[in-house]
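Structure record follows, encoded as structure tokens.
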Ligand SMILES: Nc1ncnc2c1ncn2[C@@H]1O[C@H](COP(=O)(O)OP(=O)(O)OP(=O)(O)O)[C@@H](O)[C@H]1O
Ligand SMILES: [Mg+2]
């Protein structure tokens, strides 16, 4: 049975998508079978993986529809990345999202769809959109675990309270098995005093499992559909993502060192 991990934060631009892609690819390099789910209508994960959303035959919309396509028929594999698969997204998800609101057990739509393929993977990694929307609720309802990337700035740090409240509600009413693995501090700039202060707060108040520095190399693979962990495996951020993947595999989470 796959471990389902949601990468969530309602804040925009905190590197949910980049972290999903890199951690997933890192797990895949360790021989784990990984399925990524793009739950954002912006389709950033789909594009990052080198795909053109409009050219994809079946997307996540097809598994979330009222009359769904079989989940396995919506899975895309890659010639250039072994062990990694994707269910892509497309802008239509924004419309479907509003229709999902009027369905019974609307939080469990994704969970039901994933149950069809759960046995085929070691990990299913869900890239959430930047809202606490029904799509994020679906991701959290399906997930065994949650990783929260958070930018090292004050407003992003403050936004964590709201996310935590939501996860507490999900745990109480919808998905009692959900567990927060921890927080990854992202876009960290060590030479900025405020970043350092927020990093220390995150470390004191949350289970901080990784620190990803702001680095130009993060954007480099984007045109080739390759994440940093595959293209620049010696880069600091690649090593940090690899470390996080290894913690996920061992299911032992150590405090980040910074
Ligand atoms: N370590 C990094 N250093 C510098 N830039 C980064 C790093 N990681 C990601 N980025 C860039 O930061 C931007 C936001 O990243 P990303 O799209 O992964 O965030 P997100 O949380 O998924 O955003 P959204 O909320 O819109 O879905 C992107 O342009 C990405 O290329
Ligand atoms: Mg994103």
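Numbering (the working numbering), first residue to last: 7 to 264.
Cβ coordinates follow ideal geometry from the N, Cα and C atoms, glycine included.
If you're wondering where the values come from, they're calculated on a predicted model, not measured in any experiment.
- If you compare alpha carbons, which of 162, 150, 114 and 62 is closest to residue 254? The option with the nearest alpha carbon to residue 254 is 150.
- Item | residue 181 in three-state terms, based on DSSP | coil
- Which residues bound the beta strand (DSSP E) around residue 242? Unbroken run through residue 242 is the alpha helix (DSSP H), 242 to 256; no beta strand (DSSP E).
- Item | Continuous alpha helix (DSSP H) assignments of at least 4 residues falling wholly in the region 58 to 125 | If we require 4 residues or more, the alpha helix (DSSP H) runs fully inside the region 58 to 125 come out as 66 to 70, 99 to 106 and 115 to 121.
- Grab me the residues of residue 236's own chain with a C-beta within less than 8 Å of its C-beta, minus the 5 sequence neighbours each way, in chain order. Only 31, 35, 87 and 227 meet the Cβ criterion.
- Message: Between which residues of its own chain and residue 233 is the CB-CB distance below 7 Å, once the five residues before and five after are set aside?
- Response: Excluding the 5 residues flanking it on each side, residue 233 has same chain C-beta neighbours closer than 7 Å at 27, 28, 31 and 227, in chain order.
- Cα separation between residue 111 and residue 99? 18 Å
- Out of 146, 81, 263 and 49, which has the shortest C-alpha to C-alpha gap to residue 218? 263
- Helix, strand or coil for residue 234 per DSSP? Helix.
- Report yes if the C-beta of residue 19 is less than 7 Å from at least one heavy atom of ligand 1; otherwise report no. yes
- In chain order, each beta strand (DSSP E) run of at least 3 residues that lies wholly inside the region 125 to 166: 129 to 133 and 151 to 157
- Task: Go ahead and pull the three-state DSSP assignment for residue 24.
- Result: helix
- Message: Is the separation between the beta-carbon of residue 89 and that of residue 22 shorter than 8 Å?
- Response: Not closer than 8 Å, so no.
- CB of residue 135 to nearest heavy atom of ligand 1: below 7 Å? yes
- Item | Residue from 53, 158 and 207 with nearest C-alpha to residue 191 | Selected option, being the one with the closest Cα: 158.
- Message: At a cut-off of 7 Å, would you count residue 30 as near ligand 1, judging by its Cβ distance to the nearest heavy atom?
- Response: For ligand 1, not one heavy atom lies less than 7 Å from the Cβ of residue 30.
- Message: When you compare the CB positions of residue 66 and residue 43, do they come within less than 8 Å of one another, or not?
- Response: yes
- Task: For residue 192, write down the residues that DSSP places opposite it in a beta bridge.
- Result: DSSP lists 157 as partners of residue 192.
- Buried or exposed: residue 85, going by 16 or more other Cβ atoms within 10 Å of its Cβ? exposed
- Message: Quick check: the region 11 to 20 against the region 167 to 174, are at least 3 beta-carbon pairs closer than 8 Å?
- Response: yes
- Message: Does the region 107 to 126 come into contact with the region 52 to 59, if we say contact requires no fewer than three beta-carbon pairs (one atom in each stretch) closer than 8 Å?
- Response: no
- Is residue 212 closer than 8 Å to residue 188 when the C-beta atoms are compared? yes
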